[in-house]
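Q: Starting off with a structure, shown below.
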Amino acid sequence: MNGILEPPLLNAIAAMKYVHMTEVQHKVLTDMGDIKSDALVQAKTGTGKTIAFLLPALQNLLTGPKLPHGQVGILIISPTRELAVQIAEECDRLTASLPTHVDCHTAFGGTAKAASLKRFMKGNPAVLVATPGRLLDYLSDPSVRKKFTGIRTVILDEADTMLESGHLVSVRNILKQIPPKSEGWQGLCFSATLPSRVRDVVHHILAPGYKHISTIDENEPPTTANAPQHSIIIPDIKDTFNFIQAFLQTEYEAAPDNFKAIVFSSTANSTRLLHDLFIDIIPGMPVYQMQSRMNQSQRSKATEGFKVTKKGILFASDVVGRGMDFPNVGLVAQIGLPSSGEQYIHRVGRTARAGNSGRATILLTKPESFFLDQNKALPITPHPESAAIDKKAREVAPQISRQLQNVDDAVKGKAYAAWFGFNRPLLFNKDKIALVKEGNAFSEAMGNEVPPAISAKAIGMMGLKGVPGIRIDPTRPQRARNDQSGGRWQR
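Residues in the sequence shown are numbered from 1 upward in steps of one, following full-length UniProt numbering.
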């Protein structure tokens, strides 16, 4: 990369003990033409995209006019706190050996705003990694906006989710608060998946004539080849937890010495349920959870714990579904429907990273199995141990019944309500009676003799008022505490 990157950056890469660049890193530096160009970059998960966008951004920062003290030169927008922290850590490692000190600051929710804003205002935040909500909060202050007048590069990581309807309004509002694109700042958008709907809105960040760089062969599956992908069909939703236990025990027995797994669930409350139910699934096995209802201290503790453990299980919602790098994850399991085919791909990308091997399995009930038909491009085949897992599921049923008695009824009730919120638009073609029947069977799977009652407010929000089988909680007229927030279900 001599002649493209400044010697200090090359020395920094060497200090990180990187010998060879990944394909996406090489293509970004060689195919952009002008390294200051705007670019839309697509590469499979686990291929080093963070370094790929940090290198051109830092190169432009180091070779351009001196950035005034206290100004933000590089703004990186991330969808989650955990990913923002991970990007900042990678940036710190990359800049640690530079002769010119480069400060990387973070801004995200769940932390004391006053303290972090004070550090930001008094510091020299040449690089800022932020989530949309906290960044907008910062930018509402005119004195903060002045620190962005020298912006050189704006980066959207996980661009597909950042430019979808849930985040697009925030991105637009952020762009209104910083210098306009006409002032010449560089735009970079990176993701593993780029649906056509995203390409229609990249003009908010990228100038006409931007470079489109991809390392993905259109004739290849969009997921890594190092992770065989399987499916297990659960014949009856009432058997869900039996199958999860049987599956995880089967996978553990196949590789007991280095068993490290992430088990994804659809909502924060279902993640809590699985964690509490399976916390003692394997004696001596560390079990963690990560979901949006945990405070920042709890999330940070779980993230760091799972990163350093050699063996363990992380029950997670999609707060870790994108971009997060946990070393040596050998198995990714998905329980129920992902929100989209793209989200399935990102979840699978938590294993088989950086050339390592891994495996992935999705467990679906029969009504959910349409996902396989709708995503035939994904290389998903039936699990080779399906028959053995089915047999073991029947054997562990009494054990599951006992374990469910130890799970708090409130946890079950929240998971039940969240099940409706997530699945209502996805299952049974809007047949509400069939949906409630399936949801109540899920309640039975949790060991409930009668389905938990749901507040009238939540029932109304989900459009299930008057549907037979739904129980209204007369003691909860207040605003429902379910997994819904702004029309999106919390991960």
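Ideal placement from N, C-alpha and C gives every residue a C-beta, glycine not left out. Being a predicted model, the structure only gives us computed values, none of them experimental.
Count the other C-beta atoms from every protein chain shown that fall within 10 angstroms of the C-beta of Pro125, then say buried if there are 16 or more, exposed otherwise.
A: As a working note, residue 125 is residue 125 in the sequence shown. Per the 10 Å Cβ criterion, buried.
Q: Between the segment 227-236 and the segment 189-197, can you find at least three pairs of beta-carbon atoms closer than 8 angstroms?
A: Because the criterion of three Cβ pairs below 8 angstroms is not met, the segment 189-197 and the segment 227-236 do not touch.
Q: What did DSSP end up calling Tyr288 once you bin it into helix, strand or coil?
A: Position 288 of the sequence shown, counted from the first residue, corresponds to residue 288. In the structure shown, Tyr288 sits in a strand (DSSP, three-state: E or B).
Q: Based on Cα-Cα distance, which residue from Lys44, Leu98, Phe326 and Tyr416 lies nearest to Leu55?
A: Reading the sequence shown from its first residue, position 55 is the one you call residue 55. Cα-wise, what sits closest to Leu55 is Leu98.
Q: Would you say Ala114 faces chain B, with C-beta separation under 8 angstroms as the test?
A: Absent from the structure: chain B. Only one protein chain is present.
Q: If Leu277 sits next to Leu364, beta carbons under 8 angstroms apart, how far is it from one beta carbon to the other, in whole angstroms?
A: Walking along the sequence shown from the start, residue 277 turns up at place 277. Walking along the sequence shown from the start, residue 364 turns up at place 364. Not a contact, Cβ separation roughly 19 angstroms.
Q: To test your reading of the DSSP string, which unbroken beta strand (DSSP E) runs of 3 or more residues are found completely within the segment 211-259?
A: Counting whole runs of 3 or more residues, the segment 211-259 contains the beta strand (DSSP E) stretches 211-214 and 229-234.
Q: From Ile13, Thr153 and Asp137, pick the residue whose C-alpha is nearest to that of Val72; which is it?
A: Walking along the sequence shown from the start, residue 72 turns up at place 72. Here the closest residue by C-alpha is Thr153.
Q: Helix or strand or just coil, what does DSSP make of Val154?
A: Numbered from its first residue, the sequence shown carries residue 154 at position 154. If DSSP states are grouped into helix, strand and coil, Val154 belongs with the strands.
Q: Going by beta carbon distance, what residues of the same chain come within less than 7 angstroms of Ala84, once the five residues before and after it are set aside?
A: Walking along the sequence shown from the start, residue 84 turns up at place 84. Excluding sequence neighbours, Ala84 sits near Ser78, Thr106, Phe108, Val129, Ala130 and Thr131.
Q: Which ranges does the alpha helix (DSSP H) cover as unbroken runs of at least 4 residues, wholly within the segment 414-487, from first to last along the chain?
A: Runs of the alpha helix (DSSP H) inside the segment 414-487: 432-445 and 456-461.
Q: For the segment 138-158 against the segment 173-189, do three or more pairs of beta-carbon atoms, one drawn from each stretch, fall closer than 8 angstroms, so that the two count as touching?
A: Touching, per the Cβ criterion.
Q: Helix, strand or coil for Ser191, going by three-state DSSP, please let me know.
A: Residue 191 sits at position 191 when you count from the first residue of the sequence shown. Of the three classes helix, strand and coil, the one that applies to Ser191 here is strand, per DSSP.
Q: Let me make sure I understand the geometry here. Which of Lys176, Ala43, Pro8 and Phe53 has the alpha-carbon closest to that of Thr63?
A: Indexing the sequence shown from 1 puts residue 63 at position 63. Among Lys176, Ala43, Pro8 and Phe53, the Cα nearest to that of Thr63 is on Pro8.
Q: Identify, in the order they occur along the chain, each residue of the same chain with its Cβ nearer than 6 angstroms to the Cβ of Val287, setting aside the five sequence neighbours on each side.
A: As a first step, residue 287 is located in the sequence shown; it is residue number 287 there, counting from the start. Taken in chain order, the residues that qualify are Ile279 and Ile313.
Q: Run through DSSP, which three-state label would Gln490 get?
A: Taking the first residue of the sequence shown as position 1, residue 490 is located at position 490. Summary for Gln490: the model assigns pLDDT 47, below 50, so the residue's position carries little reliability; its value from the coordinates is reported in the next sentence. The answer is coil: DSSP assigns Gln490 none of H, G, I, E or B.
Q: Is there contact here, the segment 332-340 with the segment 12-23, by at least three beta-carbon pairs under 8 angstroms?
A: No: fewer than three Cβ pairs fall under 8 angstroms.
Q: Between Leu337 and Ser266, is the Cβ-Cβ spacing less than 8 angstroms?
A: The count along the sequence shown starts at 1 and reaches residue 337 at position 337. The count along the sequence shown starts at 1 and reaches residue 266 at position 266. Their beta carbons are under 8 angstroms apart, which means Leu337 touches Ser266 by this criterion.
Q: Out of Lys17, Ile51, Thr45 and Ile433, which one is the CA nearest neighbour of Leu29?
A: Translated into the one-based positions of the sequence shown, residue 29 becomes position 29. Out of Lys17, Ile51, Thr45 and Ile433, Ile51 has the C-alpha closest to the C-alpha of Leu29.
Q: With 16 other CB atoms within 10 Å as the buried threshold, where does Arg488 fall?
A: Stepping through the sequence shown from its first residue, residue 488 is reached at position 488. Note that Arg488 has pLDDT 39, beneath the 50 cutoff, so the model's placement of it is unreliable and no number is given.
Q: From the DSSP output, which residues share a beta bridge with Ile74?
A: Working through the sequence shown from its first residue, we reach residue 74 at position 74. DSSP output for Ile74 lists Val127 and Thr153 as bridge partner(s).
Q: Within the same chain, show all residues whose beta-carbon is closer than 8 angstroms to that of Gln86, passing over the 5 residues directly before and after it, in chain order.
A: For the purposes of this step, residue 86 is identified with residue 86 of the sequence shown, where counting begins at 1. Cβ within range, chain order: Thr50, Gly323, Met324 and Asp325.
Q: Give the straight-line distance between the Cα atoms of Ile454 and Asp409, rounded to the nearest whole angstrom.
A: In the sequence shown, counting from the first residue as 1, residue 454 sits at position 454. In the sequence shown, counting from the first residue as 1, residue 409 sits at position 409. Roughly 13 angstroms separates the two Cα atoms.
Q: Given a threshold of 16 other Cβ atoms within 10 Å of its Cβ, counted over all protein chains shown, does Glu342 qualify as buried or as exposed?
A: Counted from its first residue, the sequence shown places residue 342 at position 342. When all chains shown are included, Glu342 counts as buried.
Q: Gln186 bridges to which residues according to DSSP?
A: Numbered from its first residue, the sequence shown carries residue 186 at position 186. Bridge partners of Gln186: Thr153.
Q: What number of angstroms, rounded off, separates the C-alpha of Lys176 from the C-alpha of Gly209?
A: Translated into positions along the sequence shown, residue 176 becomes position 176. Translated into positions along the sequence shown, residue 209 becomes position 209. Looking at the two C-alpha atoms, the distance is approximately 22 angstroms.
Q: Which first and last residues belong to the beta strand (DSSP E) in which Gly312 is found?
A: For this step, residue 312 is matched to residue 312 along the sequence shown. Gly312 -> beta strand (DSSP E) spans Gly312 to Ala316.
Q: Does DSSP put Gly321 in a helix, a strand or coil?
A: Locating residue 321 in the sequence shown gives position 321, counting from the first residue. Gly321: coil per DSSP, three-state reduction.
Q: For Gly123 versus Ser170, is the C-beta spacing smaller than 8 angstroms?
A: By one-based count along the sequence shown, residue 123 stands at place 123. By one-based count along the sequence shown, residue 170 stands at place 170. No, Cβ-Cβ distance for Gly123 and Ser170 is not below 8 angstroms.
Q: In the DSSP assignment, the alpha helix (DSSP H) including Gln405 goes from what residue to what residue?
A: Looking up residue 405 in the sequence shown gives position 405. Unbroken run through Gln405: none, as it is neither H nor E.
Q: Helix, strand or coil for Val332? Go by DSSP, reduced to three states.
A: Position 332 of the sequence shown, counted from the start, is the residue given in the question as residue 332. In this structure, Val332 counts as strand in the three-state DSSP scheme.
Q: Count the CB pairs spanning the segment 288-302 and the segment 423-440 that are closer than 8 angstroms, and state whether there are at least three.
A: Not touching, per the Cβ criterion.
Q: Tell me the DSSP secondary structure of His105 in three-state form.
A: By 1-based counting over the sequence shown, the position of residue 105 is 105. Looking at His105 - three-state DSSP - the assignment turns out to be strand.
Q: Since Leu188 and Ala43 should fall inside the 8 angstroms C-beta cutoff, what is the C-beta to C-beta distance between them, to a whole number of angstroms?
A: As a position in the sequence shown, residue 188 is number 188, starting the count at 1. As a position in the sequence shown, residue 43 is number 43, starting the count at 1. With 8 angstroms as the limit, Leu188 and Ala43 do not qualify as a contact, their Cβ atoms being about 13 angstroms apart.
Q: Kindly indicate which residue of Ser214, Lys307, His346 and Glu304 has the alpha-carbon position closest to the one of Ser317.
A: For the purposes of this step, residue 317 is identified with residue 317 of the sequence shown, where counting begins at 1. Nearest of Ser214, Lys307, His346 and Glu304 to Ser317, Cα basis: His346.
Q: Compute the distance between the beta-carbons of Ile282 and Tyr252, then report whether it is under 8 angstroms.
A: The count along the sequence shown starts at 1 and reaches residue 282 at position 282. The count along the sequence shown starts at 1 and reaches residue 252 at position 252. Closer than 8 angstroms, so yes.
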